[in-house]
Amino acid sequence: MPQELRIVLRNVGKIDALKIDEYLDAGGYKPLEKARSMPQEDLIREIKQSGLRGRGGAGFNTGQKLEFTFRAAGDQKYVICNADEGEPGTYKDRVIMQGDPQAVIEGMAICGYAVGATRGYIYCRAEYSYVADILKAAIAQAKEKGVLGDFEVEVCLGAGAYVCGEETALIESIEGRRGEPRCKPPYPPVSGLWGKPTVVANVETLANLPPIVEKGSEWFSGIGAPAYPGTRVLTLTGDVVNRIFIEAPTDTTVREVIYDFGGGIPGGKKFQSVQVGGNSGALIPESLLGAKIAFDAMAAVGATLGSGAVFVLDETRDLRDVVCRMARFFEQESCGKCTPCREGTMRIADICEKVSVGKGRAADLALLQEIGEMMAIACFCGLGQAAPTPVLTAIRHFDLLGGKGCA
Amino acid sequence: MCISMTNLKIDGIAVEVPDGSTILQAAQAAGINLPTLCYHPDQAVKANCRICVCEVEGQRLLQAACSTPVTGGMVVRTNSAKVLKARRMILKLILAHHPQDCLNCIRNQNCELQTLVEEYGIRDNPFELKLKGYDEDNSTMAVVRDQDKCIVCRRCVETCSVVQTVNALCVEGRGPGVMVTPVLGKSLAETACIVCGQCIHACPVGAIHEHEQIDEFLAAVADPDKIVITQIAPAVRVAIGDEVGMATGEMPMGKLVAGLRRIGIDYVLHTNFTADLTILEEGNELLRRVKEGGKLPMFTSCSPGWINFCETFFPDLLDNLSTCKSPQQMFGSLAKTYWAEKMEIDPSRIYSVSIMPCTAKKFEAARPEMNDSGFRDVDLVLTTREIGRLFRMFGTDFDKIEPSGFDSWMGKYTGAAVIFGATGGVMEAALRTVYEVVTGETLDDVNFTVVRGMEGIKEATVNLAGLEVRVAVAHGLSNARKVMDQVRAGESPYHFVEIMCCPGGCIGGGGQPITKCNAKRAERIRGIYVEDEQCPIRKSHENPEVKQIYSDFLHEPLGHKSHQLLHTHYAPKNKTIL
Amino acid sequence: MADLKQADPSSVEAARAGNWIRDLLKEVSALLERTKELLANSVSMFQRQETKANDGEVNQMSNYEGLFHEYKGLPGGIIQSFHAIQNGVGYLTEEAMLAAAKVFGVPAKDAYEVASFYSYFSTKPRGKNIIRICESAPCHVAGANEVIAALEQELGIRVGETTSDGKFALEFAECVGQCQDTPVITVNGKPFGKVSAGSVGEILAQF
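Protein chains in written order, with my numbering: chain A, 1 to 407; chain B, 408 to 985; chain C, 986 to 1192.
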């Protein structure tokens, strides 16, 4: 029976988020003190060796990112916490921020020290304005306690744009512009906010840093899958008995997540598909449920870990309707900057609509395949590149023209 | 200085380029013309059309050539099956969201999208044609937006914001509904738009174009009661060749005149005449202001886009503008008074057509106050492009056509007038005359090269018999704005400033043959100075017809008649969307 | 809360799992209670400031500046300012956008480009209380369509419209991150979970 392992969620539900003393009593801010006593290169090496990889979806080695930023020239550097959690089915970052905001702030301060950044921003999506209030209160308390040293943090609210989860689009938004991504290179560690070296890290990634600094890289790298160690906070939605959030080691399998943690499919119905990673994740069939949730393991079966959302569909769901809704999401959220995404998301959504009302033909699926394959390699940013994933995987694994209950 | 170089392979060709070059630049060095749409050589890289994507070995994603820096040992394939497939699909996506009326489109045969579709052999389209459903916006009656054709490359927005700092256009919305519109979704006339037409040059397709008035011209020519006369701006000849298959600058003036007669113009006269006249009026105005402590620096006033800009953004500095009308408008008022008298023609029959490199001239001619002749001074303005269309419509063969001369009284001009077409030209022309007037000496070398060229702001100090005159020349409104901000702050060191709205001066005007890069502007400028050198007379005050008009009609510069016919006033535009 | 019935209640493993899950659900429940508390107490950015509701009063540039005064010196603060303006007058009027552009030293073009990009900003007048219905896939399969139909019925308008008395505006939204309680709507930014056609009325009654 797989067990949860609460590293990121270590304090959630156990302390009062708005009482910093409880965080301190639980050992909070000692890791930051320890980090500050180390030379920056040593701290960065430690984080690198832990194997911690980004928890937002891209999975880049966090220590490596810190190293790039550390080495970049700049009179001012920044740490940005990406709290723009917009992936449908995902609310893990909200849970972390509401339950243990100081962990995120401490994580930011650790990054700040590592790279030499004295300013940080938490870019909080507008849909989480009530979370922003908690963060602001937590920051004020941390400041009052003097635990952050010279590191200053501010909260910056988004305004409703999924694309701002992309790091350069997020930076554009903080700078007061449309949330359209920038050309990379240059990457944010070299040229980010206001053109300065910037670390952009996900909420969950940051919340992992205090325990890693406290307990060491060897401890962390020994948890879960070797290439993608540690845990992931997953949010279970759709046709699953327990619509909850859990934190499990990365070598947990998708099957274990759905059936052990999730309690299986309600009403005794059969499993049809699960989409891991949010709206931009792959729809996978039962045959692939043995895959471990770790980033590379999922990629190996053509799936995505992404945001850690686990959206389950039972046999009664009309996949055509669900895929259509997912396609409309991307049409709605495309920033419109690049031609293949601006036009492609619209066309995919239109064709999926046609399919969803039973008028789809094989030629439509072939066209969806073509558009999707092009977008996956030609779009400007990750949104467009990932947008076709649900429909492409639905075509690959399921009979999308078939209708209700197809498998 | 040693430049560090990078070696890479493109389509199997080994290339060496300076570090930091893009794949696009490397391809150009290798002799490979990569297709582009949103890329513009004089603008910031946008990388939004994704047409220039290439395969880079070792990368799963295709890389946009315009924005990807080369690295040592990079292996690039620009035409692999994967790349061609992607490009064709992108083109089909654009086409399926674009009006399919090439035959009727003003950019037919001169459209970057059309060219790419042709090059890629797109014969069918799996996507259902969807139109955006916008109406045409001709609120300015000079620059027209045909929004349905916009492919959202954003080149026009950059031109309007960065090059011209007018900020009349913006990107509105998000996702498939994203569109380039006038700010706040208003009509163009309600924004700060100054109708300079630089956006027309930036547009790869037919989403922005001039307000075409060929039908009005043809109606006038067909009207037996009308006597159709024309004036041509100096920037027209050097560029019109592009419209009729000739090289830049190669159109002989005599053939141009002959061509104009062929399309039905009764009398062909020259704006250059009034350009020379402008120098007399403006030069004296400058000297008067310097002597009598008038408003300085004085700004030239022949560029209507610049006048619109000044009235919009610097209404507090309108007194600095010269009160001289532009050569076009001076011509307009004189043609229906002086010229009509000389020719013994009833001025009410005169239909005055002005052929200009400029879209703002359409606006200028329509200004209510431009009727000092007792009639509308200029009845119609046609751009160089529209004349090109007329030449083609009338089947004019410029190889065979016999050259013809200008008509009298307002057709003679000097080299000083010719150079009005280039940035720095008005300044140089003014200096050639002012120098001789102030010093009483003959100017042997008339070339003031210090004010020539594509540099944004040029400065010079000229010693005129002990009087140190500090001058500046700015072209493109971002440069004009810098000079004006300085004036507003009370920190301007200049006495006289020439401002041209369009980069390069009139040769780069909004009505010229579609101008894709600044290199083209530089080429036309060269043509202008060649023509200047070939002129027998190169100083405005030596123009015999100018001397004649003063002796017979105007009597003296800045005199009563001049004030009546050749000078004007300005008014703040009071625009709020800035 | 989710159904606790497991597949085979007689197995020891299942029983252990059941205990563990019950504990977990208690935790989730506690967290949700805490969230509700915080929502009730917090000064959310999206609670409308009643005192500034009169459009006529704030129609001058200086009054708009008063709305976003605290962000004046913030580089890139135009987005935060737009939130503050909408808090005051419900949407971004032309005058408000021009005022913000002036204060932040950007052309009107930049202000409008931003205003037209983000889902939260509206450049057209709309109802005082903004109801957003999540239509992302998890809410969709949980019955969002029924909620949409019920709201449209109850309010007498279609999504995208405002009631004739100006009280409510109905908008679509994508995932608001409350997926444990699908289907979800928000009113003035405050989430309401597990909404059904039947509970719509009592939610609207609170406003």
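Cβ atoms here follow ideal geometry from the backbone N, Cα and C, with glycine treated the same way.
This structure is a prediction, so every number in the text was calculated from the model and none was measured.
Cut-off 6 Å between Cβ atoms - residues of its own chain near residue i, not counting five sequence neighbours on either side
i         : result
Glu689/B  : Ser729, Cys731
Ala609/B  : Arg562, Cys563, Thr566
Phe1177/C : Ile1170, Ile1188
Glu746/B  : Here residue 746/B turns out to be Trp, not Glu, going by the sequence shown. Only Trp816, Met817 meet the Cβ criterion.
Arg6/A    : Glu247
Gly408/A  : The structure shown does not extend to residue 408/A, since chain A spans only 1 to 407, so no value can be given for it.
Cys217/A  : Here residue 217/A is Ser; the residue named in the question, Cys, does not match the sequence. Closer than 6 Å at Cβ, skipping near neighbours: Glu46, Gln49, Ser50.
Helix, strand or coil at residue i [DSSP, three-state]
i         : result
Gln275/A  : strand
Ser761/B  : strand
Phe311/A  : strand
Lys819/B  : coil
Leu135/A  : helix
Met1030/C : Annotation note: pLDDT 39 at Met1030/C (below 50); position unreliable, no value reported.
Cys1124/C : helix
Cys224/A  : For the record, residue 224/A in the displayed sequence is Gly; it is not Cys. Strand, per DSSP.
Asn854/B  : coil
Ala773/B  : coil
His1054/C : helix
Leu441/B  : coil
Glu617/B  : strand
Met586/B  : strand
Opening and closing residue of the alpha helix (DSSP H) in which residue i lies
i        : result
Leu365/A : 362 to 378
Gly832/B : 832 to 846
Pro641/B : 641 to 647
Cys927/B : In the sequence under discussion, the amino acid at residue 927/B is Lys, which differs from the Cys named in the question. 925 to 941 is the span of the alpha helix (DSSP H), which, as asked, contains Lys927/B.
Nearest-angstrom Cα separation, counted from residue j out to residue i
i         : j        : result
Val8/A    : Thr304/A : 21 Å
Thr876/B  : Ala867/B : Note that residue 876/B is Val in the sequence shown here, rather than Thr. Whole-angstrom Cα-Cα distance: 8 Å.
Arg243/A  : Ile351/A : 31 Å
Ala26/A   : Gly592/B : 55 Å
Thr393/A  : Ile284/A : 7 Å
Gln466/B  : Arg347/A : 27 Å
Gln1034/C : Ile110/A : Any reading at Gln1034/C needs caution, since the residue's pLDDT is 36, under 50, leaving its predicted position unreliable; the model's value is listed next. In a straight line, the C-alpha of Gln1034/C is about 38 Å away from that of Ile110/A.
Glu152/A  : Glu85/A  : 23 Å
Gly56/A   : Cys124/A : 14 Å
Ser947/B  : Ala836/B : 7 Å
Residue i, enclosing beta strand (DSSP E) - first and last residue
i         : result
His882/B  : 874 to 882
Ile417/B  : 412 to 417
Cys156/A  : 152 to 157
Val664/B  : Taken as a continuous stretch (DSSP letters only), Val664/B belongs to no beta strand (DSSP E), being part of the alpha helix (DSSP H) at 660 to 669.
Lys1175/C : 1175 to 1177
Close beta carbons around residue i, own chain, < 7 Å, minus the five adjacent residues each side
i         : result
Val1028/C : For Val1028/C, the pLDDT reaches just 36, beneath the cut-off of 50, and the residue's location in the model is therefore unreliable, leaving the point undetermined.
Ile932/B  : Ala829, Gly911, Ile914
Arg696/B  : Lys702, Leu703, Met705
Glu4/A    : Ile246, Glu247, Ala248
Minimum Cβ-Cβ distance from residue i to chain D less than 8 Å
i        : result
Ile223/A : Among the protein chains of the structure shown, namely A, B and C, there is no chain D.
Sequence-distant residues of its chain with Cβ nearer than 8 Å to residue i (five each side left out)
i         : result
Glu650/B  : Thr791, Arg792, Ile794, Gly795, Arg796, Phe798, Arg799, Pro920
Ile634/B  : Asp673, Tyr674, Ile752, Arg756, Ile757, Tyr758
Gly1041/C : For Gly1041/C, the predicted model reports a pLDDT of 47, less than 50, meaning its position is unreliable; a value from the coordinates is still stated below. Excluding residues within five positions, none has a Cβ falling inside 8 Å.
Practice problem: Mind the definition here: the stretch 580 to 588 of chain B touches the stretch 326 to 340 of chain A only if three or more C-beta pairs lie below 8 Å; say whether that holds. | Solution: yes
Quiz item: When the Cβ atoms of the stretch 66 to 79 of chain A are set against those of the stretch 181 to 200 of chain A, are three or more pairs found closer than 8 Å?
Solution: yes
Quiz item: If you pair each beta-carbon of the stretch 626 to 641 of chain B with each one of the stretch 589 to 600 of chain B, do three or more pairs fall below 8 Å?
Solution: no
Quiz item: Do the stretch 1099 to 1107 of chain C and the stretch 301 to 318 of chain A touch if we need at least three Cβ pairs shorter than 8 Å?
Solution: no
Quiz item: For the 8 Å Cβ check, are there 3 or more pairs between the stretch 548 to 560 of chain B and the stretch 445 to 459 of chain B?
Solution: yes
Self-check item: Given 8 Å, three or more beta-carbon pairs between the stretch 636 to 651 of chain B and the stretch 672 to 682 of chain B
Solution: yes
Self-check item: Three or more C-beta pairs below 8 Å linking the stretch 73 to 92 of chain A and the stretch 1156 to 1172 of chain C
Solution: yes
Quiz item: On the three-pair Cβ rule with 8 Å, is the stretch 772 to 789 of chain B touching the stretch 891 to 905 of chain B?
Solution: no
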